[in-house]
Structures are given as C-alpha cells and as structure tokens.
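Please read the structure below before turning to the comments.
Protein chains in written order, with the UniProt record's numbering: chain A, 1 to 242; chain B, 1 to 281.
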C-alpha cells in the first residue's frame, strides 16, 4: 500500500541523509528501520511524513493522497490544550467538539484524565496521549520516530505492549524508526537495516515469529546476534566511533 | 496493563484539588494580609507624624486630609468626571496601540521579509523619547482628545509589539511540525498553534504596555487638558494645594493597580496550562 522508489535526501554535500531507498509496505505490516545514529533514519520519516519536501525519488500509495499519522521521540503535546483537546487536535472542526476522543482515551488507558493539562502528566502518560492523537485520525500509515527512546525501561515495555494491542485491534500499518534492536525484534515483521553516510538499506531481516512474542525468546536472540553482526557494532566500538 | 493505580491516581488527584481550594483561599488571604502590613504601618506613621506637627501641612498634609479631599470631590461630582475621562483616554489609547501592535507584530513575527522591512524602522522610532512626540502631536491634532490618545497609543504600541514579535519567533518548531503533520493552512497554523504559544509573551507585553499607557496619560494631561487626573495635578500645583496633588497621585496608583489586576486575572485564567512556579498546586 506504500511504495518507495529510489528515494534520496542528502545534506552537507552528500555526507548525511539517505539515498537509494526502495521498499514497499503491505497493509497491516509493522516495518522497522534500524540503524546507528546519523544514517538518515529520522530524515526518512520526515520525508515520508511530508515535513521535508526536498527529496528525490517517488513515494506512492494505493489511494493517492495517504493519510499519515506521526509520533515523535517527544510527545509534542500542545501545552495549552487539555488531554482530550490534544487527542482531538487532528480532527476536523465539528468532530473536535464531539466525544470521539473518548474511545482513544480508553484505548491508551488514560480514562479519567480528559481534562488534565500536559504539565500534569508523566512522560509515559504524555506519550500515551500522543499515541491517541496519532491514531484518532485513523491513519493508513503510522510513522513512529524513536517513540519510546526517551522513556524508562518499564514504561517503554508497557508502551510497546500497548502499541501491539492497538495493532491487534486496528491492524494499523506502522513504520517504526528505532535504534533499539530488541524493540524492533519485538514489534516488527520486517526490519530494514540502514548503514553508511548517507544511509542505504544494507540488509532486510524478516521476523517470522507471530506476534505477540516473548521477550528474550531464543529465536529473537539469534536474530539479534545476526543484526549486531550486520551492523558491525562491536568492531566499530573497538576502533574509532564516528 | 494500564494499571489500576493510575486510574486511582486520577481520582485521587481530583479529590486533592477539591481539598486544596479552602487551603488556596487561606493562602491567598495570607498573601493579602502580608502585602498590606507595610502600607498600613506607613499610613499610620504618616498620620501620627502629621497630627504631631512633624510634617508641614502645606508640603505633606495628613492622609485623613487627603481622604477628605477625595470625598469632597466625590460629593461635588468632579471626581467621577476626572477619573472617567482619564480612564477613557487610557482605555482608547491602549486599545488602539494594542490592536496595531497585534497586527503588525504578527506579520513581522511570521514573515522574515516583513521583519527585515519594518523592524529597523520600528526600533529607531522606539528610541525616540515619548515626550518628544507631544509638540508634534499637538501641532498635528491640536490639544483635543486625538493628540492625547495618539500619544498613549504610541506608548502602548512598542512593548506589546516587541513582545508579540519575540513570542511568535520563539514558538517551538517542534509544535509547528505537529500542525504541519495535520496539513494545517498557514492561517490555521497561526490560529491554532502560533498565537496560543505566543500568548504568554503577548500578555506580558500588554501589562507593560498598560503601565506605559498610564505614564503617557499623565504626560498628555499635563500638557493641556481641562479635565482628568493629570489636569488635577496641574491645578493642585497652581493653587498650592498639596492635598489635590497627592489625592490625584493616589488615584493614579489605585487605578493603575486595579487595571493591572484585571490583566493579571486574565493572565491567570488563560495561562493555567503553563508549567511555572506560580501554577504549582
């Protein structure tokens, strides 16, 4: 439902960004994009979300103009809006007044927090609100830019499970950028590994195991070792890190 | 997986908020009491010193004399006339100055070209001392109301303008991106993200603008007026009656404080969402 052909966006005389990216995403798939920092993975999401339009190549989706939801590393809630108004932010004017938000508020487990302001929320609750805001417009593709990387380990696991439960209910297509290999293996069906500067797809890893998976599963550990090997992280750390 | 404790916490917080309201009232009352100690002590000391003959009555009359003066002005009806004309001037000047600042400030803050085009001029005009405008405005518009109101509007304009521009330019790019994800038009982006985000500094600008408005109304009324608190100052000076002068100074203080409190209240109401020290429960 989403095809990407020879996509390229580079900065600083082709020293950063990404190039030659080709892949397609099927409906209901969770795709992971994994890479060390500086390989252009966040830039890729910015291009796909429409925030950056200076790209070359082609992005096409089945039904022309695709409806995209985006979650950032930070919740990016509007501090002057209550939780319910933040969730309703992306809706059209008439719908914003309705109580459509309630379903999504319950979905992310924030029942009763309708009228709280972002300043009263913990990091995890704020990110839950951001998930609800991204979902309420019923996006065909949900883009997630390291959505849980700023959270503590426990909240992170809770929210990964929340994301999975939402996926099971709604079959939302997701594109998850992350630098956390465990997270990618736990959530994704296919993982693209980006490498180089500018980044290119270096390998594609398919995770056969059906979801939900068990953390620390032997198959996942084997895949993790494989990915670490592909990324060449250990050797690089021993040498000089860029 | 969303734990029961979190739901419980929500209910608990609501209960806590209810409980804290009488406590909040007490806190507020305490603030008022603490704030009034010094003025009351000073007033009593002043009154006692005047009664004891330590202060010359033709230079600094007792507070009771001044109060009598205000009451007598109230009785003969002149108080209302002076206060209302001064308030009207400040209000009109403030409204015109703020409106102009919002429009121009929004354009300058939003469009880089407009900033490059207009901002240097405004910065230069801003450095002209306000009183230097008085002769020019009187030449242009006579000594009637237009020149006074224009002077006040000029005074109010600059602090509001500067704060709006700074507020808009300081809006977090990350929040603007949220609007862009939802494909908001520039107008919607301004209305739904940029203006609310710039509101705190806009209100700060309005408050300092209002302070300047009160300063400028005195200047305008000193120059030539037949009514108003500033005019009372001149009358008091010419008729050698310090009670009139001090009475109008006190009225200025009172009105300035009241109007600022109104803005402060609006600020409190509209900025409850801010995560600041003053908003901590």
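Backbone N, C-alpha and C define an ideal beta-carbon position, used for all residues, glycine too.
If you're wondering where the values come from, they're calculated on a predicted model, not measured in any experiment.
Next item on the list: May I ask you to report which of helix, strand or coil DSSP gives residue 222 of chain A?
Entry: Correct three-state label for residue 222 of chain A: helix.
Checklist line | Residue span of the alpha helix (DSSP H) that contains residue 161 of chain A, given as start and end | finding: Here the alpha helix (DSSP H) through residue 161 of chain A covers 153-170.
Margin query: Taking beta-carbon pairs under 9 Å, can you tell me which members of the region 191-206 of chain B lie near chain A?
Written below: Within the region 191-206 of chain B, the qualifying residues are 192, 193, 196, 197, 199.
Check: If you draw a straight line from the C-alpha of residue 55 of chain B to the C-alpha of residue 65 of chain B, how long is it?
Finding: Roughly 13 Å separates the two Cα atoms.
Margin query: Taking only three categories from DSSP, how would you classify residue 20 of chain B?
Written below: Unreliable placement is indicated for residue 20 of chain B, whose pLDDT of 47 sits below 50; no coordinate value is reported for it.
Item checked: residue 127 of chain A burial status per 10 Å Cβ neighbour count (16 or more: buried) -> Under this definition residue 127 of chain A is a buried residue.
Margin query: DSSP three-state label for residue 128 of chain B, please.
Written below: Looking at residue 128 of chain B - three-state DSSP - the assignment turns out to be coil, as it is neither helix nor strand.
Checklist line | Whether residue 222 of chain B touches residue 233 of chain B by CB criterion (9 Å) | finding: Yes, the pair counts as a contact, with Cβ atoms nearer than the cut-off.
Notebook entry, point to check: Would you call residue 20 of chain B buried or exposed, if buried means 16 or more other Cβ atoms sit within 10 Å of its Cβ?
Noted result: In this predicted model, residue 20 of chain B has a pLDDT of only 47, less than 50, meaning its place in the structure is not dependable; the value taken from the coordinates is given anyway. Answer is exposed; the Cβ neighbour count stays below 16.
Note to self: With a threshold of 9 Å between beta-carbons, can residue 80 of chain A be considered close to chain B, or not?
What the structure shows: Interface residue, yes.
Next item on the list: Excluding the 5 residues preceding and the 5 following residue 92 of chain B in the sequence, name in chain order all residues of the same chain whose CB lies nearer than 7 Å to its CB.
Entry: Around residue 92 of chain B: 149.
Notebook entry, point to check: How long is the line joining the alpha carbons of residue 29 of chain A and residue 38 of chain A, rounded to whole angstroms?
Noted result: Per the coordinates, the alpha-carbon of residue 29 of chain A lies some 25 Å from the alpha-carbon of residue 38 of chain A.
Notebook entry, point to check: Which residue comes first and which comes last in the alpha helix (DSSP H) that contains residue 178 of chain A?
Noted result: Looking at the DSSP string, residue 178 of chain A is not in any alpha helix (DSSP H); the run it does join, the beta strand (DSSP E), is 173-178.
Note to self: Per the DSSP calculation, residue 143 of chain A is bridged to which residue(s)?
What the structure shows: In DSSP, residue 143 of chain A forms a bridge with A:70, A:175.
Notebook entry, point to check: Could one say the Cβ of residue 292 of chain A lies closer than 9 Å to chain B's Cβ atoms, at least one of them?
Noted result: Because chain A in this structure spans residues 1 to 242, residue 292 of chain A falls outside the shown range and cannot be described.
Note to self: Please state the DSSP three-state secondary structure of residue 132 of chain A.
What the structure shows: It is helical.
Checklist line | Selection from A:141, A:217, A:152, A:101 that minimises the alpha carbon distance to residue 32 of chain A | finding: The shortest CA-to-CA distance from residue 32 of chain A to any of A:141, A:217, A:152, A:101 is the one to A:141.
Item checked: Close Cβ partners of residue 225 of chain B (< 6 Å) along its chain, the five nearest in sequence each way excluded -> For residue 225 of chain B, the CB contacts under 6 Å within the same chain, skipping 5 residues up- and downstream, are 231 in chain order.
Next item on the list: Determine the DSSP secondary structure at residue 18 of chain A, reduced to helix, strand or coil.
Entry: Residue 18 of chain A falls in the strand class under three-state DSSP.
Item checked: Short Cβ contact (9 Å threshold) for residue 167 of chain B with residue 214 of chain B -> Contact: no.
Check: What separation, rounded to the nearest whole angstrom, lies between the Cα atoms of residue 3 of chain A and residue 26 of chain A?
Finding: Cα-Cα distance, rounded: 9 Å.
Next item on the list: Assuming residue 187 of chain A contacts residue 164 of chain A (C-beta within less than 8 Å), just tell me the rounded distance between them.
Entry: That belief holds up - the Cβ atoms of residue 187 of chain A and residue 164 of chain A are roughly 7 Å apart, short of 8 Å.
Checklist line | Any 3 or more C-beta pairs closer than 8 Å across the region 7-26 of chain A and the region 40-60 of chain A | finding: The count of Cβ pairs closer than 8 Å, one atom from the region 7-26 of chain A and one from the region 40-60 of chain A, reaches three, so the stretches are in contact.
Margin query: Going residue by residue through the region 87-115 of chain B, where are the continuous alpha helix (DSSP H) segments of at least 4 residues, counting only ones entirely within it?
Written below: Listed in chain order, nothing qualifies, since the region 87-115 of chain B has no complete alpha helix (DSSP H) run of 4 or more residues.
Next item on the list: Can you give me the Cβ contacts of residue 12 of chain A inside the same chain, cut-off strictly under 8 Å, excluding the 5 residues immediately before and after it?
Entry: Correct list: empty, nothing qualifies.
Checklist line | Proximal chain B residues relative to residue 76 of chain A, where beta-carbon distance stays under 9 Å | finding: Annotation: Cβ neighbours of residue 76 of chain A in chain B (cutoff 9 Å, chain order): 172, 174, 175, 177, 178.
Check: Excluding five sequence neighbours on each side, which residues of the same chain lie with their C-beta closer than 6 Å to the C-beta of residue 47 of chain A?
Finding: Only 9, 55 meet the Cβ criterion.
Margin query: So that I know if they touch, is there some Cβ in chain B lying closer than 9 Å to that of residue 69 of chain A?
Written below: Using a CB distance cut-off of 9 Å, residue 69 of chain A counts as an interface residue toward chain B.
Next item on the list: Would you list the residues sitting across from residue 8 of chain A in a DSSP beta bridge?
Entry: Looking at the DSSP assignment, residue 8 of chain A forms a beta bridge with A:56.
Margin query: Please list, in chain order, the chain B residues whose beta carbon lies closer than 9 Å to that of residue 89 of chain A.
Written below: Contacts between residue 89 of chain A and chain B, judged by CB atoms closer than 9 Å, involve 178, 179, 182, 192 in chain order.
Notebook entry, point to check: If you measure beta-carbon to beta-carbon, which residues of the region 158-182 of chain A are closer than 9 Å to chain B?
Noted result: Answer set for the region 158-182 of chain A: 158, 161, 162, 165.
Next item on the list: Can you tell me which of A:215, A:51, A:73, A:190 puts its alpha carbon nearest to the alpha carbon of residue 130 of chain A?
Entry: Checked all of A:215, A:51, A:73, A:190; the closest Cα to residue 130 of chain A is A:73.
Check: When the Cα atoms are used, what is the spatial distance from residue 119 of chain A to residue 274 of chain B?
Finding: For residue 119 of chain A and residue 274 of chain B, the distance between alpha carbons rounds to 7 Å.
Check: Do the CB positions of residue 89 of chain A and residue 105 of chain A come within less than 9 Å of each other?
Finding: Residue 105 of chain A sits away from residue 89 of chain A, with the two beta carbons spaced by 9 Å or more.
Check: Taking the alpha carbon of residue 62 of chain A as the point to measure from, which residue in A:216, A:1, A:215 has its own alpha carbon closest?
Finding: The option with the nearest alpha carbon to residue 62 of chain A is A:1.
Next item on the list: Taking all protein chains shown into account, decide if residue 26 of chain B is buried (16 or more other Cβ within 10 angstroms of its Cβ) or exposed.
Entry: Per the 10 Å Cβ criterion, exposed.
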